[in-house]
Amino acid sequence: MDLLEKLEALYKRQDEIQQLMNEPGVMNDMKRYIRLNKDYKELQPVVDAYLKYSTVIRHIESAKEVMLTEKDEELRDYAREEFNQLNLDREKLEEDIRLLLVPADPQDSKNAVVEIRAGTGGDEASLFAGDLFRMYSRYCENKGWKVELVSYTEGTVGGFKEVIFDVKGDYVYGQLKYESGVHRVQRIPQTETQGRIHTSAASVVVLPEADEFDVEIKPSDVRKDTFCSSGPGGQSVNTTYSAVRLTHLPTGITVSCQDQKSQLKNLEQAMTVLRTRIFELEYQKYLDEISSKRKTMVSTGDRSAKIRTYNWPQSRITDHRINMTLYNLPAVIDGDIQELIDALQLAENAERLKEAVNA
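In our numbering, the protein residues as written are 550 to 908.
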């Protein structure tokens, strides 16, 4: 089957999905409808590429016919120029299409749950964890994504010992997954009197948010405890049992949420994180399988691996997975991390193509 036939088959498949979605039986089955809608959206980039590619192929055939049959030399020259340009367009489209046809991470389109924990370095590590939280918050804000705090433990001099938050938007996990791993900072701490540079670290874990269709949790398997929330929040803090702790009895996984003033909202967020943690147990098998093939995806394998260094004195950021160094640390720490993510994505795409060729 050539490329055009493959694309045509996928075009027909999207049309079939659309017809299925309009059937009354499917519309009444919400789980099936959501899955079909997801499949439909995932096929859209391939269908768009197919329409462009088929148009280019058609124009190439027309230009070729003019070159062979037209008697006017000027028209033949014009057709020849067009033919050469169209062939360049075709080659570029074919390259893009081959990448689109390589199976992507099935979780890329999901929302994400991000966990940042201060590592070695004491108070300075907590401050750095706060810097990372601010960096991701700004990045998400620029992307138009919604950030919702789930839980946090503040550091003694600022920042966070731990902070967990949800990010909701289009293809969030597919962008943020590259951030999983250990982030290292080199700078002079505020508490340092001798002006010495210290090295501290914080770990970041990015998980695809599991929805109720990914993981089904029996109410009888969950123990719910309530307690008073702590930290900023006005008069309700320490007086209202709005914070929620959920324990999944079969796995022992425990999740707390205290950021919302409403117990119901805290329960909803805690349940989302609990589903994600349970889903991670199965998802990790997939991550382990591909981590041996892709060096760029440190997030998929050893999450204790050092992935990036932020050197304040030199205003330098180095991503160790792809040996990329930038000298714009203030902009990066202010949320301008797209260049790093794009470079990692490009490297991963090259590895995915290599896998497909060798498969």
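Beta carbons: idealized from backbone N, C-alpha and C, even for Gly.
What you are looking at is a predicted structure, and each value in this text was computed from that prediction instead of being measured.
Asked: Taking the alpha-carbon positions, what's the Val881 to Asp868 distance?; Found: 12 Å
Asked: Does DSSP put Glu631 in a helix, a strand or coil?; Found: helix
Asked: Across the stretch 790-802 and the stretch 766-778, are there enough close Cβ pairs to call them in contact, namely three or more that are closer than 8 Å?; Found: yes
Asked: Less than 8 Å between CB atoms is the rule here; does Leu650 satisfy it with respect to chain D?; Found: Among the chains of the structure shown, chain D does not appear; only one protein chain is present.
Asked: Please report the straight-line C-alpha distance between Tyr560 and Val605, rounded to a whole angstrom.; Found: 17 Å
Asked: Taking all protein chains shown into account, decide if Val804 is buried (16 or more other Cβ within 10 angstroms of its Cβ) or exposed.; Found: buried
Asked: DSSP three-state label for Leu798, please.; Found: coil
Asked: List, from N- to C-terminal side, the alpha helix (DSSP H) runs of 4 residues or more that fit wholly inside the stretch 578-604.; Found: none
Asked: If you draw a straight line from the C-alpha of Tyr590 to the C-alpha of Ala653, how long is it?; Found: As written in the sequence, residue 590 is Lys, which differs from the Tyr given in the question. Roughly 14 Å between the two C-alpha positions.
Asked: Measuring only the C-alpha atoms, how far is Val821 from Leu795?; Found: It should be pointed out that residue 821 corresponds to Thr in this sequence rather than to Val. So the two alpha carbons sit approximately 11 Å from each other.
Asked: Can you grab the Cα-Cα spacing for the pair Ala899 / Val706, in whole Å?; Found: 43 Å
Asked: DSSP three-state call for Cys777: helix, strand or coil?; Found: coil
Asked: Pairs of beta-carbons, one from the stretch 642-661 and one from the stretch 674-681, closer than 8 Å: are there three or more?; Found: no
Asked: Helix, strand or coil for Glu644, going by three-state DSSP, please let me know.; Found: helix
Asked: Roughly how many angstroms separate the alpha carbons of Glu728 and Gln739, rounded to a whole number?; Found: 26 Å
Asked: Take Ser603 and list the residues in its own chain whose beta-carbon comes closer than 6 Å to its own, dropping the five residues that flank it on each side.; Found: none
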